[in-house]
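Residue numbers (my numbering), protein chains in the order written: chain F, 168 to 375; chain P, 130 to 364.
Input: a single structure, listed below in structure tokens.
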């Protein structure tokens with residue numbers, strides 16, 4: 168069902184808007200590359216936004232009767248919600264990895280090897296994709312019905328995450344060439360994403 | 130009609146379905162076993178779709194309990210066709226099949242373009258695609274809303290054959306039709322009226338009543354009094 172969901176999203180064309188925003192952001196960062204880790208930090212917010220947006224697109228990819236059909240196939244609305252969250256995580260993590268490779272390849276490596284720099288960038292940006300997915304799984308049907316509410320809450324939550332002191336601290340360290348806190352951020356993001364998927368699936372089941 | 134022994138059984142006990150404050154269904158107790166065909170009739174807005182959705186497990190009862198198989202095939206009454214090709218949709222929506230869906234499509238008289246978008250299919254051909262998907266699945270329970278919607282003569286014939294084949298492999302089938310329509314081979318028919326169910330033609334399917342006695346049609350009550358109808362008395 169995860170692969171089928173990604174096929175639905177791909178053919179719907181609704182991924183184009185978040186992809187364009189992300190690509191413009193990436194082009195701006197890569198046009199004037201600084202240190203590779205700083206480039207990764209600069210892309211963090213765009214990966215969060217992409218993941219949130221992609222989660223909403225994935226959740227709202229079909230109408231309610233088609234979602235019922237798919238929910239019956241996988242066993243329940245909660246399982247379908249989890250499958251779609253899985254599709255979001257897979258797609259946004261792939262985008263995070265590509266971004267890390269691009270920023271690593273074009274930026275100044277300093278005293279680090281390409282492999283180490285890319286690995287830290289992957290960890291940071293995958294954390295961003297997980298945080299974005301964790302937000303996005305609460306912002307589509309059947310958890311939230313109105314697209315307007317999705318947009319308002321997605322914007323507010325994305326900003327709030329990036330302005331959180333622990334995230335700010337990690338990004339500031341990266342700007343100074345230090346990878347302090349990146350590993351912890353990845354672990355916390357993975358735990359938060361897992362909890363968010365479970366909690367939102369329970370809500371989806373109750374609201375179906 | 131139970132050619133293959135099956136553990137497939139869906140049971141609703143004292144179920145109510147609500148959408149916000151609206152009560153869409155209430156006081157429903159029934160049990161459909163593997164190989165049974167339950168026909169659900171009713172007017173628009175009576176609660177047929179809510180009954181089918183709760184049977185399919187895609188809506189949680191506001192009251193009461195549902196127990197049923199995990200593998201369910203549900204055909205909604207109306208949905209926006211996805212942008213995938215019919216072939217891609219049929220190949221992707223479920224991993225395993227009991228029979229070849231292309232053979233099922235042929236039985237239903239499908240005349241659309243399989244490689245083209247589902248959006249390009251006529252209503253009838255899209256319905257045939259949905260029916261072929263559900264009735265070629267390995268589901269233990271097949272739930273079909275507006276089973277005859279958009280079907281031509283070949284479609285009606287194919288539907289009856291495919292439903293019979295699904296029952297023969299042990300699946301329970303529940304299908305809704307409009308008032309005045311019937312379903313070939315149905316062994317029990319219920320009518321949904323005023324958001325609850327009444328037995329119209331008793332059969333294998335066990336229908337229970339949790340509401341007042343006047344929920345049972347007078348004819349059925351008379352038949353019961355004479356000892357002809359097999360269903361339970363109201364509790």
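Heads up, the beta-carbon is just placed ideally off N, CA and C, and yes, glycines get one too.
Values in this document were obtained by computation on a predicted structure and should not be read as measured data.
Helix, strand or coil at residue 142(P) according to DSSP, with G and I counted as helix: strand
Neighbour-count burial assignment, residue 144(P), 16 or more Cβ in a 10 Å radius: buried
Opposing strand residues paired with residue 202(F) [DSSP bridges]: 275(F)
Residue burial classification, residue 372(P) (beta-carbon count within 10 angstroms, cutoff 16): This structure gives no information on residue 372(P), because the portion of chain P shown stretches from 130 to 364.
Expected contact under 8 Å - CB spacing of residue 237(P) and residue 261(P) to nearest Å: 6 Å
Interface partners of residue 229(F) on chain P, CB under 9 Å: 208, 209, 211
Where the alpha helix (DSSP H) containing residue 221(P) begins and where it ends: 215-221
Sub-8 Å separation of residue 270(F) and residue 174(F) beta-carbons: no
Residue ranges of each alpha helix (DSSP H) within the region 270-330 of chain P, 4 or longer: 282-297
Under 7 Å by beta carbon: chain P residues contacting residue 146(F): The structure shown has nothing for residue 146(F), since chain F only spans 168 to 375.
Given residue 173(P) as reference, the closest of 314(P), 298(P), 332(P), 308(P) once Cα atoms are compared: 308(P)
Close-in-space but distant-in-sequence residues of the same chain around residue 138(P) (CB under 6 Å, 5 per side omitted): 162
Best match in 172(F), 196(F), 310(F) for proximity to residue 374(F) [C-alpha to C-alpha]: 310(F)
Contact with chain F by residue 170(P), beta-carbon distance below 8 Å: no
Whole-number beta carbon distance between residue 247(P) and residue 211(P), since they are thought to touch under 8 Å: 5 Å
As assigned by DSSP and simplified to three states, the class of residue 253(P): helix
For residue 208(F) and residue 263(F), the rounded distance between their alpha carbons: 12 Å
Residue-chain proximity (residue 181(F), chain P), Cβ-Cβ < 8 Å: no
Endpoints, the beta strand (DSSP E) within which residue 160(P) is located: 151-162
For residue 301(P) and residue 338(P), the rounded distance between their alpha carbons: In this prediction, residue 338(P) has a pLDDT of 49, which is less than 50 and means its spatial position is unreliable; what the coordinates show is noted afterwards. Going from the Cα of residue 338(P) to the Cα of residue 301(P) covers about 21 Å.
Alpha-carbon to alpha-carbon, residue 193(F) and residue 183(P): 47 Å
Distance CB(residue 206(P))-CB(residue 265(P)) smaller than 8 Å: no
Span separating the alpha-carbon of residue 166(P) from that of residue 193(P): 23 Å
Neighbour list for residue 276(P) in chain F, Cβ cutoff strictly below 7 Å: Under the 7 Å cutoff, chain F gives no residues; its nearest Cβ is about 15 Å from residue 276(P).
Other residues of its chain near residue 378(P): CB distance less than 6 Å, five sequence neighbours each side excluded: An answer regarding residue 378(P) cannot be provided, because it is not within the stretch 130 to 364 covered by chain P.
Pair within 8 Å by beta-carbon distance, residue 322(F) and residue 218(F): no
Those residues which DSSP pairs with residue 192(P) across a bridge: 145(P)
Given 8 Å, three or more beta-carbon pairs between the region 327-336 of chain F and the region 249-267 of chain F: no
Through-space distance from residue 292(P) to residue 305(F), alpha-carbon basis: 39 Å
Contacting positions in the region 295-323 of chain F - beta carbon closer than 9 Å to chain P: none
Those residues which DSSP pairs with residue 168(P) across a bridge: 304(P), 318(P)
Any chain F beta carbon closer than 8 Å to residue 148(P): no
Contacts of residue 372(F) in chain P (Cβ-Cβ under 9 Å): 189
Cutoff 6 Å; reference residue 334(P); Cβ partners in own chain excluding five residues on either side: 161, 165, 167, 317
Per-residue burial, residue 338(F) [other beta carbons within 10 Å of its own, 16 or more giving buried]: buried
Closer than 8 Å at the beta carbon, the chain P residues around residue 174(F): 213, 217, 221
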